[in-house]
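Chemist:
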Amino acid sequence: MKHSYFICLLVLNLYCLGQKKFQTVFNSDSLTGFNEPMSKSKAFKENMFGKEFHSYMSREKRNFINTKYNITTQSPNTFNQRPLSSNNQVMVPCTNMDFEAGNLTGWTQTNGINGNSNTMAGCCASAGGNAVMISGGTDPLTGISLNSPLGGSWVCQVNNQTTGGYTDRISQTFNVTAANSLVQFAYLAVLQSAGHACSDQPYMNIRLIDCSNNVIACPQVDIQEGAGCGTAAGFVNGPGYSYTNAWQVSALDLTPYIGSCITIQVTAGACTQGGHWGYGYFDAQCMPMNITVNNVQFPVGTSATTVSICGALTATVSAPPGLGPYLWNGPAGSGVTNVANQTFTTNTAGIYTITMNPVGACAPIIRLVDLQVSMPPIAGFNFTNTACINSVSCVSTSSIGSGPAITGLQWVWGDASPNSTGNPASHTYLASGPNQIKLVITNSAGCKDSIVKNISITQKPTAGFTVNPACMGSALNFTNTSTTPSGSNNSAWDFGDASGSIVTSPAHNYAASGIFSVTLVITNTDLCKDSVKKIVNVYGRAVVNFTPTGVCFGTATNFTNTTSTVVNPNTGGIGTYSWSFGNGGTSAVQNPVYTYTSLANQTANTIYSVSLYVITVNGCKDSLTKQVTVYSLPTPNFTADSVCLGSTTTLTDLSNNNGNPFFLFSWDFNSDNVSDLSNNAVSSTTVFSNPGNTSVTYTVFTSPNGGILTCSDKITKNVWVHASPLAVITHTNKCIDAQPNLMSGVNSTLAIGTITNYAWNYGNGNNNLINPIAPSSFSYNVAGNYIVTLTVTSSGGCSNVTTQAIDVWERPYANYSYSKACAGKQIILKGIQLPASAPISNFDWDLNNTVSTAEASGAQITYTYNTPGFQPINLLITSNQGCKNVVPGNIYINYNPKPIFYAPKRVGCTDLCIPIFDSTQAIPGPAKNTNWEWDFGNGSINITANSGTQYVCYSNPSNLMVKDFNVKLIVTTDSGCVDSVRKAKYIRVYPKPKADFEWSGKDGDLLTPAIAFQNTSIGYNRFYWYYNDGVNVTDSTNQNPLHYYATDIPRDFQVFLAVRNQYGCKDTTSKYVEIGPEYTFYIPNTFTPNDDGTNEFFTGTGVGIKGFKMWIYDRWGEKLFYTDDIKKGWDASVKGKYGKEKEDVYAYRVLVTDLWNKEHEYVGHVNLIK
28 MKHSYFICLL
38 VLNLYCLGQK
48 KFQTVFNSDS
58 LTGFNEPMSK
68 SKAFKENMFG
78 KEFHSYMSRE
88 KRNFINTKYN
98 ITTQSPNTFN
108 QRPLSSNNQV
118 MVPCTNMDFE
128 AGNLTGWTQT
138 NGINGNSNTM
148 AGCCASAGGN
158 AVMISGGTDP
168 LTGISLNSPL
178 GGSWVCQVNN
188 QTTGGYTDRI
198 SQTFNVTAAN
208 SLVQFAYLAV
218 LQSAGHACSD
228 QPYMNIRLID
238 CSNNVIACPQ
248 VDIQEGAGCG
258 TAAGFVNGPG
268 YSYTNAWQVS
278 ALDLTPYIGS
288 CITIQVTAGA
298 CTQGGHWGYG
308 YFDAQCMPMN
318 ITVNNVQFPV
328 GTSATTVSIC
338 GALTATVSAP
348 PGLGPYLWNG
358 PAGSGVTNVA
368 NQTFTTNTAG
378 IYTITMNPVG
388 ACAPIIRLVD
398 LQVSMPPIAG
408 FNFTNTACIN
418 SVSCVSTSSI
428 GSGPAITGLQ
438 WVWGDASPNS
448 TGNPASHTYL
458 ASGPNQIKLV
468 ITNSAGCKDS
478 IVKNISITQK
488 PTAGFTVNPA
498 CMGSALNFTN
508 TSTTPSGSNN
518 SAWDFGDASG
528 SIVTSPAHNY
538 AASGIFSVTL
548 VITNTDLCKD
558 SVKKIVNVYG
568 RAVVNFTPTG
578 VCFGTATNFT
588 NTTSTVVNPN
598 TGGIGTYSWS
608 FGNGGTSAVQ
618 NPVYTYTSLA
628 NQTANTIYSV
638 SLYVITVNGC
648 KDSLTKQVTV
658 YSLPTPNFTA
668 DSVCLGSTTT
678 LTDLSNNNGN
688 PFFLFSWDFN
698 SDNVSDLSNN
708 AVSSTTVFSN
718 PGNTSVTYTV
728 FTSPNGGILT
738 CSDKITKNVW
748 VHASPLAVIT
758 HTNKCIDAQP
768 NLMSGVNSTL
778 AIGTITNYAW
788 NYGNGNNNLI
798 NPIAPSSFSY
808 NVAGNYIVTL
818 TVTSSGGCSN
828 VTTQAIDVWE
838 RPYANYSYSK
848 ACAGKQIILK
858 GIQLPASAPI
868 SNFDWDLNNT
878 VSTAEASGAQ
888 ITYTYNTPGF
898 QPINLLITSN
908 QGCKNVVPGN
918 IYINYNPKPI
928 FYAPKRVGCT
938 DLCIPIFDST
948 QAIPGPAKNT
958 NWEWDFGNGS
968 INITANSGTQ
978 YVCYSNPSNL
988 MVKDFNVKLI
998 VTTDSGCVDS
1008 VRKAKYIRVY
1018 PKPKADFEWS
1028 GKDGDLLTPA
1038 IAFQNTSIGY
1048 NRFYWYYNDG
1058 VNVTDSTNQN
1068 PLHYYATDIP
1078 RDFQVFLAVR
1088 NQYGCKDTTS
1098 KYVEIGPEYT
1108 FYIPNTFTPN
1118 DDGTNEFFTG
1128 TGVGIKGFKM
1138 WIYDRWGEKL
1148 FYTDDIKKGW
1158 DASVKGKYGK
1168 EKEDVYAYRV
1178 LVTDLWNKEH
1188 EYVGHVNLIK
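Position in the sequence shown counted from 1, then plus 27, gives you the numbering used here.
(1) Of all the options Val913, Trp959 and Ala954, which has the alpha carbon lying nearest to the alpha carbon of Phe928?
(2) Quick one: residues in its chain with C-beta nearer than 8 Å to the C-beta of Ile601, no 5 flanking neighbours on either side, listed in chain order?
(3) Per DSSP, which residues does Gln617 bridge with? Please list them.
(4) Count the C-beta pairs between the region 859-868 and the region 798-809 that are closer than 8 Å, then say yes if the count reaches three, no if not.
(5) Whose C-beta lies closer than 7 Å to the C-beta of Thr169 among residues of the same chain, with five residues either side of it excluded?
(6) Tell me the rounded alpha-carbon separation between Thr200 and Thr485.
(7) Mapping the DSSP letters down to three states, classify Ile1196 as helix, strand or coil.
(8) Measure the CB-CB distance between Ile433 and Pro404 and report whether it falls below 7 Å.
(9) Taking the straight line between their C-alpha atoms, what separation do you get for Gly286 and Ala359?
(10) Give me, in chain order, the residues of the same chain whose beta-carbon lies closer than 6 Å to that of Thr757; leave out the 5 immediate sequence neighbours on both sides.
(11) Distance check for Leu209 and Tyr5, CA to CA, integer angstroms please.
(12) Counting C-beta neighbours from all protein chains within 10 Å, is the total for Ala497 16 or more, i.e. buried, or is it exposed?
(13) What does the alpha-carbon distance come out to for the pair Asn207 and Gly307?
(14) Can you tell me whether Ala627 is helix, strand or coil according to DSSP?
(15) Are there 16 or more other CB atoms within 10 angstroms of the CB of Thr132, so buried, or fewer, so exposed?
(16) Can you check which of these residues, Pro266, Ile291 and Ser614, is closest to Ile243 by C-alpha distance?
(17) In angstroms, rounded to a whole number, what distance separates the CA positions of Ala224 and Gly142?
(18) Going by DSSP, what residue range makes up the beta strand (DSSP E) through Ile1038?
(19) With His454 as the anchor, note down where its beta strand (DSSP E) starts and where it stops.
(20) Helix, strand or coil for Asp227 per DSSP?
(21) State the Cα-Cα distance for the pair Lys925 and Asn993, rounded to the nearest angstrom.
(22) In angstroms, rounded to a whole number, what distance separates the CA positions of Ala278 and Asp397?
(23) Would you kindly check if the distance between the Cβ of Pro347 and the Cβ of Asn368 is under 7 Å?
(24) Report the rounded CA-to-CA distance for Trp694 versus Thr713, giving the unit in angstroms.
(25) Leaving out five residues on either side along the sequence, give the residues of the same chain with a beta carbon under 6 Å from the beta carbon of Val1016.
(26) Can you find the residues in the same chain that come closer than 7 Å, C-beta to C-beta, to Asn145, ignoring five residues on each side of it along the sequence?
(27) Buried or exposed for Val1190, going by 16 or more other Cβ atoms inside 10 Å?
(28) So what does Lys1185 bridge to, in DSSP terms?
(29) Of all the options Gln887, Thr675, Gly305 and Asn794, which has the alpha carbon lying nearest to the alpha carbon of Ile12?
(30) With a cut-off of 8 Å, do at least 3 Cβ pairs link the region 575-584 to the region 726-740?
(31) Whose CA, out of Gln184, Asp195 and Gly164, lies closest to the CA of Met147?
(32) Would Leu1084 pass as a contact of Thr1096 if the rule is Cβ separation under 7 Å?
(33) Enumerate in chain order the residues of its own chain whose CB-to-CB distance from Thr1128 is below 6 Å, with the five nearest sequence positions on each side excluded.
(34) Taking only three categories from DSSP, how would you classify Leu503?
(35) According to DSSP, simplified to helix, strand and coil, what is Lys1169?
(36) Quick check on DSSP: helix, strand or coil for Thr200?
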């Protein structure tokens, strides 16, 4: 019986693993065959829970898919990782790591100047360096062999015996994969003795750095010359120099960095002070960590790998080479316990542990190998194919047997085409004949089986032909290119124009142009058929035509090509044109412009033969020749008269038609190449817009064929026009009192010539018609608007007239008004324009009787006069045209009242009632005081029409604070003038203290006639007690006295308390104190009704008791006992029944009436004890 071993490799990594991101979502079909319970069991054994558990399961699934589909594990960001410095580039995994290329390919070499040997400051910003390749030999100073312990022929020497602080570095950054998940390196260091501080000594440094630029803690090498500085194992401090006494080897398991990248950095530097050198030797190698099972290698760089071993009874398992010493341990019964060999053989399934501790490793490397048994599947399939169809369809009928599920299949078609993986699957063969189909299936354990079946393929022929297009009227030659896998072909043609042929390669002539669909059907000797259909072009020829058939001599004529490509089907576009104009002239453009210039044609008509040749884009040709007549041109001429500018000029035709009928005359009156007038008259008129010579172009048209074609020629002559003057009046308007008005024609103009006369009409019946000079003036007697007329005449007899409106401005006239005014108060002054006035634009007010200055401006102003009485005023007015006038006058300013008042007494205790005297004086007439308004500051206001003394009372409700009152008097005259006087804090009212007292407890009695009084007065600084107990004395010493009343009988005493504050304000109060008869009441808190004759009842006792009531309650509030006789207390019975009482705490309530019939209430607790 065959056995299969299912091997799962689990990774237990003892290094600190960096966090990685894993894809956690997979297609469910991709995981068919994945042993999820086993993976979960392993996770739980390793105490993985929560996020760590989910990450582990995702990695297990990802590794299963990688193995199942032969996917190489690689981080999606592998080739996008940033280099660790500006000089490093991420290389493919481990390029020339062992220098066996004999050069530094794959490595980056940089250099710098040592700034600090501890931090490697100063290294290494510059490209290049002193690193060289060494093959064999010994170091010249130490004599140590330079053959690397890692093997190979080459090592790298980093730096040399150069001084000057020179530092040299080599580095390589590479992507970590399962194929290079173990790195080993070896080194030697030779450093010159310097005697400096450690940070200044020559040094050698080796670093491994991850993709996040973090230095990996182990391994790393820091060697500095000198005792006490950082050195490595085997480092010898010798005379003159120090060195490692042998090659030192280190190794690092890189599996935690798979999918990321690592940088190896080797640096050797001289001392910082420049006088001592330092160099080293380095070698390295990358190796995969593969476990071999039955001679098949499987990478163990990832956390789990599925290995399928089918058809073997035993499994031979080997650890990765070069990682010894080894130590294997297997499951119970396997016999594998502490096996130190690299390889072992077993027939026991289970989990095996391999511990590897290579030289230089920072920690042991541990892997788990899980061996499981599996059976292979059984392959089988069916297929179908049809004659003349070179395809086959297959369906797998395979079974799993006693093994796990089938996870993959491949179809091998036997014709070197790519394999297929689907089920069912189909395939098309390119050749006929016998063939074989092979099916290979694989189960989830990786076990395979296969089956082969024979098949015969018959194929149909392949139809094909070629043909070149032709022009209409030419034959098409068809070439048959059909093929068949076997036998021969028969041909059947359909030319698409209702005709056909059975000739293998026929020729055919189409009756018309067009696009035809041609079909060829091929039948081979196996009676298999094929057909092909192609489009065949029969190109049409162009239908040639052009215009015109008549042209003018010396005139550029547009020959228009009207050739058609739409008359015949499938003609296509025009490729080339060729013209011959009959006089040796030619052209190759589609629509040429041609000019006939032979002098013989200028005055006589001539006929030429013109030909047009056309070739289409498809190469089809045609042509056309027409007779074209070249007509002679007319000879133009004209005459014109001279007039003044603005008058009509007459122009008369003098042209010759040279044998062809006149057709049209065109005038361009300013030679701007734009026709201004066209007609058939032999003379024309126009008005020229400019004086002097004007260039006029005259064009004459003849038509030999009734207007279809016109031939023309032109002539240009100058026509003289006399200039006309332009009259312009300038003038200055003035006010009626500032005549005369000035006017002038000096701005009148004449383009050519001289103005000889200025004739004036002043618009009021006066004029001056003969005036050879331009200026004039005239004085008007009445203001108003006048129309002045000026006529100017030139030396050529041309004249011009203009008019101008001039103004003679009226003066302004106004009056003013003002409001009632009080001294020191604003007055409103308003200017009033009179009806005969010119419009007034400015009102300026002289308010200090100085006309040269104005104190205010505006039609209405406000102004304040501080002095009462009559005040002079001048109103200065200006019209909208600047004409001025002055309006003088006076205004009256009223006197203001002067309110005065006095209070002889203004300070006192509340309530303070005082007189306030009015001392306001009368004002100068005619005005008088008419209103007095008093505000006393206490909420009281008095308004009166007469002066007089006011009587006012003031109160202060406070017992502590002084209160001040403001007093204000407002006096108003009958002219509305107002003034006031306000005296702040004029009246001051002191607070009145409040006398009050109380005493603690109840009133006294004859036994205790002492009363403890408490003075509760407010706002006092002195006090007086009067106890009224027979002795007429007061007590001003004891603020809160204890007073004993000497009396033998009960009675009431009226007690007085008088108080006074610092202002002398007083208050008194009295209360009655009662000294009652003798009264005392006692009640116990415990009694013992136990029949011992002592303390058997619970009641009270006292002195001065007239009445007594007592209630007893239990803790729930239920009444147990009541008595109104103080001598009959509670005997512990419950509602008159004995034996129900119990030891407890009970509540009581007692009401006692004394001899004065006052009730006293007592509530408390009593303890019942037996």
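Built from N, CA and C at the ideal position, the CB exists for glycine as well.
Bear in mind the structure is a predicted one, so any value in this text is a computation, not a measurement.
Modeler: Quick look at the numbers:
(1) The residue you call residue 928 lines up with position 901 of the sequence shown. Among Val913, Trp959 and Ala954, the Cα nearest to that of Phe928 belongs to Trp959.
(2) The residue labelled residue 601 in the question sits at position 574 within the sequence shown. Closer than 8 Å at Cβ, skipping near neighbours: Ala569, Thr590, Thr592, Gln617, Val641, Ile642, Thr643 and Val644.
(3) To locate residue 617, count along the sequence shown from 1; it is residue 590. Answer by DSSP bridge pairing: none, since Gln617 is not bridged.
(4) no
(5) Translated into positions along the sequence shown, residue 169 becomes position 142. So the qualifying residues of the chain are Val217 and Tyr270.
(6) Taking the sequence shown and counting its residues from 1, the one referred to as residue 200 is at position 173. Taking the sequence shown and counting its residues from 1, the one referred to as residue 485 is at position 458. Taking the straight line joining both Cα atoms gives about 59 Å.
(7) Residue mapping note: residue 1196 aligns to position 1169 of the sequence shown, counting from 1. If DSSP states are grouped into helix, strand and coil, Ile1196 belongs with coil.
(8) Along the sequence shown, read from residue 1 onward, the residue named residue 433 stands at position 406. Along the sequence shown, read from residue 1 onward, the residue named residue 404 stands at position 377. Contact flag set, yes.
(9) As a first step, residue 286 is located in the sequence shown; it is residue number 259 there, counting from the start. As a first step, residue 359 is located in the sequence shown; it is residue number 332 there, counting from the start. One C-alpha to the other measures close to 36 Å.
(10) Residue mapping note: residue 757 aligns to position 730 of the sequence shown, counting from 1. Cβ within range, chain order: Ser771 and Asn774.
(11) As displayed, the chain neither begins before 28 nor continues past 1197, which places residue 5 out of reach and without an answer.
(12) Position 470 of the sequence shown holds residue 497. Of the residues assessed, Ala497 falls on the buried side of the cut-off, its CB having 16 or more other CB atoms within 10 angstroms.
(13) Sequence index remark: in the sequence shown, residue 207 carries index 180 (1-based). Sequence index remark: in the sequence shown, residue 307 carries index 280 (1-based). When rounded, the distance between both Cα atoms is 25 Å.
(14) Taking the sequence shown and counting its residues from 1, the one referred to as residue 627 is at position 600. Correct three-state label for Ala627: helix.
(15) Numbered from 1 along the sequence shown, position 105 holds the residue referred to as residue 132. Flag for Thr132 reads exposed.
(16) Within the sequence shown, residue 243 is the residue found at index 216, counting from 1. If we check each option's Cα against that of Ile243, Ile291 comes out closest.
(17) If you number the sequence shown from 1, residue 224 lands on position 197. If you number the sequence shown from 1, residue 142 lands on position 115. In a straight line, the C-alpha of Ala224 is about 13 Å away from that of Gly142.
(18) Mapped onto the sequence shown, residue 1038 falls at position 1011. It spans Ala1037 to Asn1042 - the beta strand (DSSP E) in which Ile1038 sits, taken as one unbroken run.
(19) Looking up residue 454 in the sequence shown gives position 427. Element bounds for His454: Ala452 to Thr455.
(20) As a first step, residue 227 must be located in the sequence shown, where it is residue number 200. Note: Asp227 maps to helix in three-state DSSP.
(21) Here the question's residue 925 lines up with position 898 in the sequence shown. Here the question's residue 993 lines up with position 966 in the sequence shown. In a straight line, the C-alpha of Lys925 is about 19 Å away from that of Asn993.
(22) For the purposes of this step, residue 278 is identified with residue 251 of the sequence shown, where counting begins at 1. For the purposes of this step, residue 397 is identified with residue 370 of the sequence shown, where counting begins at 1. Rounded to the nearest whole angstrom, the C-alpha separation of Ala278 and Asp397 is 26 Å.
(23) Taking the first residue of the sequence shown as position 1, residue 368 is located at position 341. Taking the first residue of the sequence shown as position 1, residue 347 is located at position 320. Not in contact: Asn368 and Pro347 (Cβ atoms no closer than 7 Å).
(24) Your numbering for residue 694 matches position 667 in the sequence shown. Your numbering for residue 713 matches position 686 in the sequence shown. About 10 Å.
(25) As a working mapping, residue 1016 is identified with position 989 in the sequence shown. Taken in chain order, the residues that qualify are Thr937, Leu939, Tyr981, Asn983 and Lys990.
(26) On the sequence shown, residue 145 is found 118 positions in, with the first residue counted as 1. The answer, listed in chain order, is Cys225 and Ser226.
(27) Within the sequence shown, the letter at position 1163 stands for residue 1190. Under this definition Val1190 is an exposed residue.
(28) Your numbering for residue 1185 matches position 1158 in the sequence shown. Under DSSP, no beta-bridge partner is assigned to Lys1185.
(29) Because residue 12 is not part of the residues shown, which for the chain are 28 to 1197, the question remains open.
(30) Judged by Cβ distances under 8 Å, the region 575-584 makes contact with the region 726-740, as three or more pairs qualify.
(31) Against the sequence shown, residue 147 aligns to sequence position 120. Met147 has its Cα closest to that of Asp195, out of Gln184, Asp195 and Gly164.
(32) Position 1057 of the sequence shown, counted from the start, is the residue given in the question as residue 1084. Position 1069 of the sequence shown, counted from the start, is the residue given in the question as residue 1096. Yes, the Cβ-Cβ distance between Leu1084 and Thr1096 is below 7 Å.
(33) The count along the sequence shown starts at 1 and reaches residue 1128 at position 1101. Annotation for Thr1128: Tyr1109 place their beta carbon closer than 6 Å to its own, counting only its chain and skipping 5 residues before and after.
(34) Counting from 1 along the sequence shown, the entry for residue 503 is found at position 476. If DSSP states are grouped into helix, strand and coil, Leu503 belongs with the strands.
(35) Looking up residue 1169 in the sequence shown gives position 1142. It is coil, neither helix nor strand.
(36) To locate residue 200, count along the sequence shown from 1; it is residue 173. The DSSP-derived three-state label of Thr200 is strand.
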